[in-house]
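What follows is one structure encoded as C-alpha cells, with my remarks underneath.
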Amino acid sequence: MLEEQRLVEQAQRGDHNAFAQLVETYQTPVYNLAYRMLGNANDAEDAAQETFLRAFAQLKKFRTEQKFATWLLSIDAHYCIDRLRRKKFQWLSLEDDGLSEMLTSDAPEPDDQALRHEDQREIEKLLERLSPASRLVVVLRYWHDQPVAEIAKTTGDSVSAVKVKLHRARQMLAREISGVGQIVEDPRNGMEGNNLSNSEVSKRCVNHT
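See the structure below:
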C-alpha cells in the first residue's frame with residue numbers, strides 16, 4: 541500500500557513511469573469489470589483504455605485517503621454504465637467462476653437451493669433483465685469480491701441501496717429459475733481478462749497530455 545501511494549504521488553507530479561506501473565497493476569481488474577459489464581472483448585478493451593486515460597487526466601483530483609483501486613474501478617464502472625445507456629444491452633457469457641460460485645455456494649442462503657438447479661444459458665437470459673446499475677453491483681460483489689461498503693464507494697450508491705439491489709437480483713433469480721434444469725458445475729473456459737499493453741496505454745496517456 542505504501543508503494544502504491546508512492547507511485548500515485550509520483551504520477552500526480554507527472555511521472556509517466558509511475559503511472560505505467562499503476563496501469564500494469566490494475567489493467568486486468570479494470571478490463572475484467574468492463575468485459576463483464578459490456579460483454580464484448582473489443583468494447584472492454586476500449587473501456588479499459590478510456591478508464592486509464594480518464595484516470596490519468598483526473599489524477600490530481602485523487603485524494604490519497606481514498607483507495608486507488610476503488611477510485612479507478614469507479615471511473616471504469618461509470619464509463620460502462622454510460623456506454624450501456626447509449627446502446628442496446630449485449631450480455632456477456634457467464635463462462636467464469638464468479639456467479640456460478642455464488643449460485644453453488646455452500647452458504648446457507650435460502651435462494652441457493654433454487655439457484656443450483658438452473659443451466660448457464662437460462663441464467664444469462666435472466667440476468668439480461670437486470671438494469672445496468674443492478675448488474676454492476678452483482679459483478680462487483682461476486683466477481684470482484686467487493687464488500688457492500690466498497691461497492692457503495694465504487695458506484696456512488698448508499699450502502700442500503702447496494703443491499704437492496706443485490707437482494708432484489710437474488711430474489712428475482714431464485715423466483716424465476718426454481719426447479720429448472722441443472723447448473724454447469726465448472727463453467728470456466730479460459731475467460732481470463734486480456735491484458736492491455738502497458739506501454740500502449742501509457743503512451744496514450746502521455747499523448748493525452
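Heads up, the sequence shown is in my numbering, so the first residue is 541 and it goes up one at a time. Yeah, the Cβ is synthetic: ideal placement off N, Cα and C, and Gly gets one too.
{"Check": "So is L670 in contact with chain B if we call contact Cβ pairs under 8 Å?", "Outcome": "Any reference to chain B falls outside this structure, which holds one protein chain only."}
{"Check": "How long is the line joining the alpha carbons of A584 and A714, rounded to whole angstroms?", "Outcome": "29 Å"}
{"Check": "Mark N487 as exposed unless 16 or more other C-beta atoms lie within 10 angstroms of its C-beta, in which case mark it buried.", "Outcome": "The chain is shown from 541 up to 749; residue 487 falls before or after that span and cannot be answered."}
{"Check": "Go ahead and pull the three-state DSSP assignment for S698.", "Outcome": "coil"}
{"Check": "Let me check understanding here. Comparing Cα to Cα, which of A587, L612 and K607 lies closest to Q598?", "Outcome": "L612"}
{"Check": "Identify, in the order they occur along the chain, each residue of the same chain with its Cβ nearer than 7 Å to the Cβ of V688, setting aside the five sequence neighbours on each side.", "Outcome": "V699, V702 and K703"}
{"Check": "Taking just the CA atoms, how far does F596 sit from E564?", "Outcome": "14 Å"}
{"Check": "Verify whether the separation of the beta carbon atoms of R623 and A587 is less than 8 Å.", "Outcome": "yes"}
{"Check": "If you drop the 5 nearest sequence neighbours on each side, which residues of the same chain put their C-beta closer than 7 Å to that of L676?", "Outcome": "M577, A617, I621 and T695"}
{"Check": "Measure the C-alpha to C-alpha separation of R594 and V548 and round it to an integer number of angstroms.", "Outcome": "15 Å"}
{"Check": "Using 8 Å as the threshold, is the C-beta distance between E544 and F608 below it?", "Outcome": "yes"}
{"Check": "What residue range is occupied by the uninterrupted alpha helix (DSSP H) comprising L613?", "Outcome": "F608 to R626"}
{"Check": "Taking E605 as the reference, which of R546, Q567 and Y619 has the closest Cα?", "Outcome": "R546"}
{"Check": "Output needed for K600: all residues of its chain with C-beta closer than 7 Å, excluding positions within five of it in sequence on either side, in chain order.", "Outcome": "Q552"}
{"Check": "State the DSSP-derived secondary structure class of S671, mapped to helix, strand or coil.", "Outcome": "coil"}
{"Check": "Using three-state DSSP, classify W683 as helix, strand or coil.", "Outcome": "coil"}
{"Check": "From P650 to G554, what does the alpha carbon distance come to, in whole angstroms?", "Outcome": "For P650, the predicted structure reports a pLDDT of 43, less than 50, and the residue's modelled location is therefore unreliable. A value from the coordinates is still provided. Going from the Cα of P650 to the Cα of G554 covers about 52 Å."}
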